[in-house]
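Colleague: Numbering (the numbering used here), first residue to last: 23 to 647. Cβ coordinates follow ideal geometry from the N, Cα and C atoms, glycine included. Sharing a structure, written as C-alpha cells. Questions coming.
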C-alpha cells in the first residue's frame with residue numbers, strides 16, 4: 023500500500039498560517055503533479071483524475087497570493103478529509119491485509135495436517151477432524167479475502183474522492199472568501215468545478231453499488247454447501263477430464279534436505295506450452311521446473327502419502343515428485359502431463375487431437391494385467407497373407423498401399439501389460455531329471471556357449487497383443503501406438519525390467535535379480551522387428567507360433583530399451599544372418615572374416631555404423647534405479 027505523506031499545509035495551519043501559507047500552497051501544487059507517480063495496488067479510472075489534478079495545480083499557483091486568510095476554512099474543508107483517508111481508510115486496508123495473511127497461514131497449517139494423513143492406516147476420527155479443520159480454515163480464508171478485496175475495491179474510489187473532494191472544497195472556499203478572487207475566477211471555475219462535482223458524485227454512486235454487490239457475495243458465501251471447502255469430497259467417482267492440455271493448481275513438492283530427510287512445500291504449479299512452471303507465494307512470475315516434452319509420469323508410493331506422482335525425464339532419470347490434494351486433481355495432472363509430453367499442444371487444434379486420441383484408445387483397447395490364459399483371450403488371425411520363404415529367412419511381400427489399422431490389428435484386441443512368470447510355469451521349469459542350480463544360473467547356459475552370438479540389452483516390457491498380419495513394419499508401429507495410448511488412459515505406468523539376451527537360436531528375457539528365464543522366443547519365429555521412427559528407444563517384434571490345433575497365431579511384443587532400438591534390431595538381423603550362413607560353411611567363414619570376434623570366437627556387436635557396414639563395440643547401458 024503506498025505511503026501518503028503529511029502535507030505541509032497541515033503544519034502551516036497549526037503553526038503560522040500567515041507566514042507559511044505561500045510555501046505550503048507551492049508545495050501542494052507540486053504534490054498534485056506527482057499524484058500520477060503513486061503506485062496503488064490497482065489502478066482504475068485514474069487518467070481523468072490525473073488530468074483534473076493537473077488543472078488544479080495551475081489554479082493553485084494563480085490563487086497562491088490569496089491563501090493567507092483561508093486557514094480556518096481550509097482546516098475544515100480540505101485537511102480533515104485527507105486526515106480521515108490517511109488514518110482511517112488506509113489503516114483499515116492494512117488491518118484487513120494482516121487478517122488475510124493470518125487466515126492464509128492457518129489454512130496452510132491445516133493443509134499440512136491433511137497432507138500428512140496416512141494412506142495405509144486411516145483413522146476416520148482423525149481424518150474427520152482434520153477435514154473439518156481444513157474446511158473451516160478455507161471458509162475463514164475465503165471470508166477474510168473477500169473483506170480484504172472489498173476494502174481494496176472501495177479504496178479505488180475513496181482514493182479518488184480523498185484527493186478530489188478536498189480540492190473541491192479548497193476551490194470553492196477561495197471563490198466564496200475573496201471577492202476579488204470571485205471576480206477573477208468565478209466564471210472560469212464554475213464551468214470547471216461543476217463537472218468535477220458531478221464526477222465525484224458518480225464515483226460515490228459506483229462505490230455504493232460495489233459495496234452492495236460485495237455484501238451480496240458474502241451472503242451467498244455464508245449459505246454455500248460445506249462440501250465446496252472439503253478436500254477430496256468425491257473419492258468414489260470424481261468427474262475427471264482426460265483431455266487437458268494445460269493445468270494449474272496447488273501441489274506439494276518433495277525436496278530433499280539431507281540423506282534421508284525430506285520436506286514438502288505447497289506451491290502453485292501451472293503448465294505453459296511444454297513446460298511445467300512453479301510460482302512461489304509472493305513471487306511476481308513463475309519459474310521453469312521441468313521440461314515436459316517426451317517425459318513420462320507415473321504414480322508412486324512416497325512416504326506413505328496419498329496421490330503422489332513422479333515425472334521422469336526422456337533419458338530415464340527420475341525427476342520431481344509431487345502430491346495432489348484429491349483424486350480428481352491427481353488423475354487430471356497425470357493425464358495433462360501425458361498429453362503435453364506427446365506435444366499435442368503444437369498442433370493446430372490441440373483440444374480436438376487430445377479428445378480424438380483418448381476416444382480412439384478407449385474404443386480400441388481392453389487391457390488385461392496378467393498372463394492368465396493368454397491364448398484363450400486372443401483371436402487367431404483369419405486372413406494371414408502368404409509369405410515367401412527362403413530357407414529360414416522370411417521376406418515379406420511388398421505392399422502397394424499402406425494397410426488399414428483394422429487389417430493389422432482387430433478392433434477390441436486385448437493388451438497384456440506385464441510379463442511375470444506364473445508360479446505353475448516356474449515349477450514346471452524346475453521339475454524333471456535336471457536338478458535346479460541353487461545359485462540361480464540359467465539352465466540354457468550350454469546353449470548360450472554353443473551360440474556364435476550373445477548380446478545382452480536392458481529392456482522394459484510395455485505390452486503385447488495379437489495381430490492379424492506380419493507383412494509390414496506398420497503392424498509394429500500400430501501396436502506401439504495402441505499400447506502407449508492404453509497405458510496413458512488407464513494410468514498403467516509401472517514396467518518390469520528384464521535382460522534381453524539375443525543369440526542365434528532365441529530371444530530370451532531374463533530376470534536381472536534371479537537370472538531365471540521369464541520367456542523365450544525362437545529367433546526363427548520372429549518375422550518382423552523394428553524400432554520407432556521418432557522415439558528410438560522403443561523396439562517391437564512380431565512372433566508367429568503354431569497352436570496345438572495346427573493354427574498359426576501372431577503377436578506383437580513392445581519394449582523400451584536403455585539403448586537405441588536400432589542396435590537390438592541389428593543384433594536380431596545379425597542372428598538371422600548367422601543362422602542362414604551356418605547352412606553353408608563357406609558363407610559362415612566369409613561372415614566371420616567380415617565381422618569382429620571376441621576372444622572366445624563369438625561375434626562382437628558394434629555401436630555406430632561405419633563406412634564398410636561394421637558397427638563399433640556395444641557397451642550395455644545400466645538402467646538407472
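Are the CB atoms of residue 115 and residue 177 nearer to each other than 8 Å?
Modeller: Along the chain shown, one-based indexing puts residue 115 at 93. Along the chain shown, one-based indexing puts residue 177 at 155. A contact, by the Cβ cut-off of 8 Å.
Colleague: Under 7 Å Cβ to Cβ from residue 122, same chain only, skipping five residues before and after it: list those, please.
Modeller: Sequence index remark: in the chain shown, residue 122 carries index 100 (1-based). Hits under 7 Å: 166, 167, 170.
Colleague: Could you name the residues of the same chain whose beta carbon sits closer than 8 Å to that of residue 547, not counting the 5 residues immediately before and after it, in chain order?
Modeller: Taking the chain shown and counting its residues from 1, the one referred to as residue 547 is at position 525. Only 565, 566, 567 meet the Cβ criterion.
Colleague: Report the three-state DSSP secondary structure of residue 519 (helix, strand or coil).
Modeller: Taking the chain shown and counting its residues from 1, the one referred to as residue 519 is at position 497. In this structure, residue 519 counts as strand in the three-state DSSP scheme.
Colleague: Please identify the residue among 300, 288, 488, 157 whose C-alpha is closest to the C-alpha of residue 433.
Modeller: In the chain shown, residue 433 corresponds to position 411, counting from 1. Nearest of 300, 288, 488, 157 to residue 433, Cα basis: 488.
Colleague: In this structure, does DSSP put residue 150 in helix, strand or coil?
Modeller: As a working note, residue 150 is residue 128 in the chain shown. Helix at residue 150.
Colleague: Is residue 510 helix, strand or coil when you go by DSSP?
Modeller: Indexing the chain shown from 1 puts residue 510 at position 488. Three-state DSSP puts residue 510 in a helix.
Colleague: Quick one, which of 351, 234, 221 has its alpha-carbon nearest residue 255's?
Modeller: Position 233 of the chain shown, counted from the start, is the residue given in the question as residue 255. Nearest C-alpha to residue 255: 351.
Colleague: Residue 302 and residue 317 look like a contact to me (Cβ under 8 Å); what is the Cβ gap, rounded to whole Å?
Modeller: Residue mapping note: residue 302 aligns to position 280 of the chain shown, counting from 1. Residue mapping note: residue 317 aligns to position 295 of the chain shown, counting from 1. 22 Å between Cβ atoms; not a contact.
Colleague: Taking the C-alpha atoms as reference points, what is the distance between residue 102 and residue 84?
Modeller: The residue given as residue 102 occupies position 80 in the chain shown. The residue given as residue 84 occupies position 62 in the chain shown. Their Cα atoms are separated by approximately 24 Å.
Colleague: Is the beta carbon of residue 312 closer than 8 Å to that of residue 298?
Modeller: Your numbering for residue 298 matches position 276 in the chain shown. Your numbering for residue 312 matches position 290 in the chain shown. It is a contact, given that the beta carbons lie within the stated cut-off.
Colleague: Just list the beta strand (DSSP E) runs in the stretch 550–616, keeping only unbroken ones of 3 residues or longer that don't cross its boundaries, in chain order.
Modeller: Contiguous beta strand (DSSP E) elements confined to the stretch 550–616 occur at 560–568, 574–583, taking only those with 3 or more residues.
Colleague: With residue 294 and residue 358 assumed to form a contact (beta carbons below 8 Å), what rounded beta-carbon distance in angstroms separates them?
Modeller: Along the chain shown, one-based indexing puts residue 294 at 272. Along the chain shown, one-based indexing puts residue 358 at 336. In fact, because the Cβ distance is near 12 Å, the residues do not count as touching under 8 Å.
Colleague: What separation, rounded to the nearest whole angstrom, lies between the Cα atoms of residue 503 and residue 484?
Modeller: Walking along the chain shown from the start, residue 503 turns up at place 481. Walking along the chain shown from the start, residue 484 turns up at place 462. Looking at the two C-alpha atoms, the distance is approximately 11 Å.
Colleague: CA-CA distance, residue 125 and residue 261?
Modeller: For this step, residue 125 is matched to residue 103 along the chain shown. For this step, residue 261 is matched to residue 239 along the chain shown. Those two C-alpha atoms are separated by around 30 Å.
Colleague: My assumption, with CB atoms under 8 Å, is that residue 543 sits in contact with residue 528. Please give the rounded CB distance.
Modeller: In the chain shown, counting from the first residue as 1, residue 543 sits at position 521. In the chain shown, counting from the first residue as 1, residue 528 sits at position 506. At roughly 6 Å, the Cβ-Cβ gap stays under 8 Å, so residue 543 and residue 528 are in contact.
Colleague: What's the gap between the Cα of residue 141 and the Cα of residue 326?
Modeller: Here residue 141 corresponds to residue number 119 of the chain shown, with the count starting at 1. Here residue 326 corresponds to residue number 304 of the chain shown, with the count starting at 1. Cα to Cα, residue 141 sits roughly 6 Å from residue 326.
Colleague: Beta strand (DSSP E) containing residue 333: first to last residue?
Modeller: For the purposes of this step, residue 333 is identified with residue 311 of the chain shown, where counting begins at 1. 330–334 is the extent of the beta strand (DSSP E) around residue 333.
Colleague: Could you please give the first and the last residue of the uninterrupted alpha helix (DSSP H) stretch that includes residue 362?
Modeller: Taking the first residue of the chain shown as 1, we reach residue 362 at position 340. Start and end: 349–363.
Colleague: What residues match up with residue 301 in a beta bridge as DSSP calls it?
Modeller: Numbered from its first residue, the chain shown carries residue 301 at position 279. According to DSSP, residue 301 bridges with 290.
Colleague: Output yes or no for whether 8 Å exceeds the beta carbon distance between residue 356 and residue 331.
Modeller: Taking the first residue of the chain shown as position 1, residue 356 is located at position 334. Taking the first residue of the chain shown as position 1, residue 331 is located at position 309. Their beta carbons are under 8 Å apart, which means residue 356 touches residue 331 by this criterion.
Colleague: Sort out for me which residues DSSP pairs residue 285 with in a bridge.
Modeller: The sequence position of residue 285 within the chain shown is 263, counting from 1. Answer by DSSP bridge pairing, in chain order: 277.
Colleague: Nearest to residue 552 by alpha carbon, out of 250, 538, 582?
Modeller: Here the question's residue 552 lines up with position 530 in the chain shown. Among 250, 538, 582, the Cα nearest to that of residue 552 belongs to 582.
Colleague: In angstroms with no decimal places, state the Cα-to-Cα distance between residue 314 and residue 148.
Modeller: Counting from 1 along the chain shown, the entry for residue 314 is found at position 292. Counting from 1 along the chain shown, the entry for residue 148 is found at position 126. The straight-line gap from Cα to Cα measures roughly 37 Å.
Colleague: Give the secondary structure of residue 537 by DSSP, where H, G and I count as helix, E and B as strand, and everything else as coil.
Modeller: Here residue 537 refers to the residue found at position 515 when the chain shown is read from its first residue. Looking at residue 537 - three-state DSSP - the assignment turns out to be coil, as it is neither helix nor strand.
Colleague: I believe residue 180 touches residue 111 by the beta-carbon criterion, under 8 Å. Please report the beta-carbon distance rounded to the nearest angstrom.
Modeller: Here residue 180 refers to the residue found at position 158 when the chain shown is read from its first residue. Here residue 111 refers to the residue found at position 89 when the chain shown is read from its first residue. Yes, residue 180 and residue 111 are in contact; Cβ-Cβ is about 5 Å, under 8 Å.
Colleague: Please go through the same chain and pick out, in chain order, the residues whose beta-carbon is closer than 7 Å to the beta-carbon of residue 510, but skip the five residues on each side of it.
Modeller: Working through the chain shown from its first residue, we reach residue 510 at position 488. For residue 510, where only same-chain residues beyond five positions count, the Cβ hits under 7 Å are 360.
Colleague: Classify residue 593 as buried or exposed, calling it buried when 16 or more other Cβ atoms lie within 10 Å of its own Cβ.
Modeller: Counting from 1 along the chain shown, the entry for residue 593 is found at position 571. By the 10 Å Cβ count, residue 593 comes out buried.
Colleague: Less than 8 Å between the beta carbons of residue 600 and residue 475, yes or no?
Modeller: Start at 1 with the first residue of the chain shown, and residue 600 comes out as number 578. Start at 1 with the first residue of the chain shown, and residue 475 comes out as number 453. Yes, Cβ-Cβ distance for residue 600 and residue 475 is below 8 Å.
Colleague: Whose C-beta lies closer than 7 Å to the C-beta of residue 239 among residues of the same chain, with five residues either side of it excluded?
Modeller: Position 217 of the chain shown, counted from the start, is the residue given in the question as residue 239. Answer for residue 239: 168, listed in chain order.
Colleague: Compute the Euclidean distance between the alpha carbons of residue 237 and residue 381, then round it to the nearest angstrom.
Modeller: In the chain shown, the residue the question calls residue 237 occupies position 215. In the chain shown, the residue the question calls residue 381 occupies position 359. Those two C-alpha atoms are separated by around 45 Å.
Colleague: Taking a contact to mean a Cβ-Cβ separation below 8 Å, would you say residue 100 touches residue 217 in this structure?
Modeller: Within the chain shown, numbered from 1, the residue matching residue 100 stands at position 78. Within the chain shown, numbered from 1, the residue matching residue 217 stands at position 195. It is not a contact, given that the beta carbons lie outside the stated cut-off.
Colleague: Among residues of its own chain, excluding the 5 on either side of residue 266, which ones have a beta-carbon nearer than 8 Å to its beta-carbon?
Modeller: Counted from its first residue, the chain shown places residue 266 at position 244. Once the five neighbours on either side are set aside, the close Cβ partners of residue 266 are 354, 357, 358, 361, 376.
Colleague: Under DSSP, the alpha helix (DSSP H) around residue 123 begins and ends at which residues?
Modeller: In the chain shown, the residue the question calls residue 123 occupies position 101. Unbroken alpha helix (DSSP H) run through residue 123: 112–137.
Colleague: Quick check on residue 183: buried or exposed, where buried means 16 or more other Cβ atoms within 10 Å of its Cβ?
Modeller: If you number the chain shown from 1, residue 183 lands on position 161. The residue is buried, with at least 16 neighbouring Cβ atoms inside 10 Å.
Colleague: Compare the Cα-Cα distances from residue 431 to each of 136, 371, 493 and report the closest residue.
Modeller: The count along the chain shown starts at 1 and reaches residue 431 at position 409. Closest by alpha carbon: 493.
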